[in-house]
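Throughout, my numbering is defined as the position within the sequence shown, counted from one, plus 12. No residue lacks a Cβ here, since even glycine has one placed at the ideal position from N, Cα and C. For clarity, every value in this text was computed on a predicted model and none was experimentally measured. Written out below as structure tokens is the structure these notes cover.
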Amino acid sequence: METEFDFTSYIQLVDFLGACFGDNTEVVLHSFDDLNHSVIAICNGHISGRIIGAPLTSFALSKLKDKGKEGPPYYLNYLGMSKNNTKLRSNSFFILDKQGNPRGMLCVNTDVSKYQQAADLLQKLAFIPALISDEKDNNNIEAFQSSPKDMINGIINDVTHSVGIAAERLTVDEKIEIVRRLNEEKFFLIKGTVSQVAIMLGISEATVYRYLSNINKKMKMEKIYE
Numbered sequence: 013m014e015t016e017f018d019f020t021s022y023i024q025l026v027d028f029l030g031a032c033f034g035d036n037t038e039v040v041l042h043s044f045d046d047l048n049h050s051v052i053a054i055c056n057g058h059i060s061g062r063i064i065g066a067p068l069t070s071f072a073l074s075k076l077k078d079k080g081k082e083g084p085p086y087y088l089n090y091l092g093m094s095k096n097n098t099k100l101r102s103n104s105f106f107i108l109d110k111q112g113n114p115r116g117m118l119c120v121n122t123d124v125s126k127y128q129q130a131a132d133l134l135q136k137l138a139f140i141p142a143l144i145s146d147e148k149d150n151n152n153i154e155a156f157q158s159s160p161k162d163m164i165n166g167i168i169n170d171v172t173h174s175v176g177i178a179a180e181r182l183t184v185d186e187k188i189e190i191v192r193r194l195n196e197e198k199f200f201l202i203k204g205t206v207s208q209v210a211i212m213l214g215i216s217e218a219t220v221y222r223y224l225s226n227i228n229k230k231m232k233m234e235k236i237y238e
């Protein structure tokens with residue numbers, strides 16, 4: 013049986029780092045005991061719009077199974093994106109227990125929008141062509157949501173290229189693609205998300221499971237013929 017992990021010292025570290033970096037840097041502590049409400053401490057939450065009880069991001073979910081096995085238990089200087097599309101420089105450190113199992117994550121997210129504006133201005137003044145490729149081509153982007161519902165809505169908006177579309181207006185193909193994208197983001201690792209997806213897509217839980225089964229079968233077949 014897995015013992016309860018003591019995050020006390022890490023909670024104190026959240027406030028310390030937040031005070032050190034200032035109000036344009038968010039410091040957040042996740043516990044993997046409840047992925048649906050993983051945030052247990054946060055400083056400067058206005059950066060991402062999250063509060064205590066917010067879920068783990070899809071980026072963190074996708075990396076969770078990798079860490080603690082080999083290599084350093086952290087990711088440095090990747091692009092994060094807040095709910096209001098503010099660009100963040102993000103760093104994440106996986107907290108491991110004595111057995112090397114991931115038990116939580118300490119993340120530092122800095123709002124770099126003002127620095128980006130200054131860099132853009134200098135670039136224009138110096139007539140220097142862009143040296144950095146467009147972040148839209150970067151698949152390693154972490155989007156911060158305050159709830160699983162926000163995560164689902166983000167995928168729906170992305171797939172349909174519209175905001176706030178009603179479930180009854182979604183086609184079957186769009187619903188399948190939404191489930192595929194959520195599955196790709198490891199979203200269904202979070203307890204209770206199947207029922208949430210079913211409600212928001214206007215389908216039954218059985219239909220969601222059927223979509224997932226067909227998606228996984230297709231993925232296996234594609235790997236066989238690679």
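Cβ-Cβ distance between residue i and residue j below 8 Å
i, j, result
"residue 37", "residue 56", "yes"
"residue 121", "residue 59", "yes"
"residue 177", "residue 164", "no"
"residue 42", "residue 93", "no"
"residue 102", "residue 91", "yes"
"residue 98", "residue 132", "no"
"residue 39", "residue 29", "yes"
"residue 171", "residue 186", "yes"
Residue nearest to residue i in terms of C-alpha spacing, selected from the options
i, options, result
"residue 198", "168, 74 and 67", "74"
"residue 52", "230, 35, 29 and 23", "23"
"residue 166", "95, 183 and 204", "95"
"residue 126", "50, 33 and 100", "100"
"residue 65", "45, 31 and 184", "45"
"residue 211", "231, 182, 135 and 170", "182"
"residue 61", "233, 232, 162 and 226", "162"
Same chain, Cβ closer than 6 Å to residue i, neighbours up to 5 away in sequence not counted
i, result
"residue 196", "none"
"residue 25", "none"
"residue 228", "none"
"residue 88", "103"
"residue 33", "none"
Where the alpha helix (DSSP H) through residue i begins and ends
i, result
"residue 166", "160–172"
"residue 107", "Per DSSP, residue 107 belongs to no alpha helix (DSSP H); it is in the beta strand (DSSP E), 99–108."
"residue 134", "125–138"
"residue 187", "184–196"
"residue 207", "205–213"
Other residues of its chain near residue i: CB distance less than 8 Å, five sequence neighbours each side excluded
i, result
"residue 202", "47, 48, 67, 68, 73 and 160"
"residue 144", "Note that residue 144 scores 47 on pLDDT, short of 50, meaning its location in the model is unreliable; the coordinates nonetheless yield the value given after this. The answer is none, since no qualifying residue turns up."
"residue 224", "191, 195 and 200"
"residue 80", "Bear in mind that a pLDDT of 46 at residue 80, under 50, signals an unreliable position, so the model cannot answer this."
"residue 149", "Here residue 149 scores only 47 on pLDDT, less than 50, and its place in the model is too uncertain to base an answer on."
"residue 206", "200, 217, 220 and 221"
"residue 189", "171"
Close-in-space but distant-in-sequence residues of the same chain around residue i (CB under 7 Å, 5 per side omitted)
i, result
"residue 180", "214"
"residue 193", "167 and 171"
"residue 130", "none"
Distance cut-off 7 Å: residue i Cβ against heavy atoms of the ligand SAH
i, result
"residue 121", "In the structure shown, the ligand SAH is absent, as is every other ligand, since no ligand is present at all."
Extract the residue ranges of the beta strand (DSSP E) inside the stretch 24–86, only unbroken runs of 3 or more that lie entirely within it.
The stretch 24–86 contains these whole beta strand (DSSP E) runs: 37–43 and 51–55.
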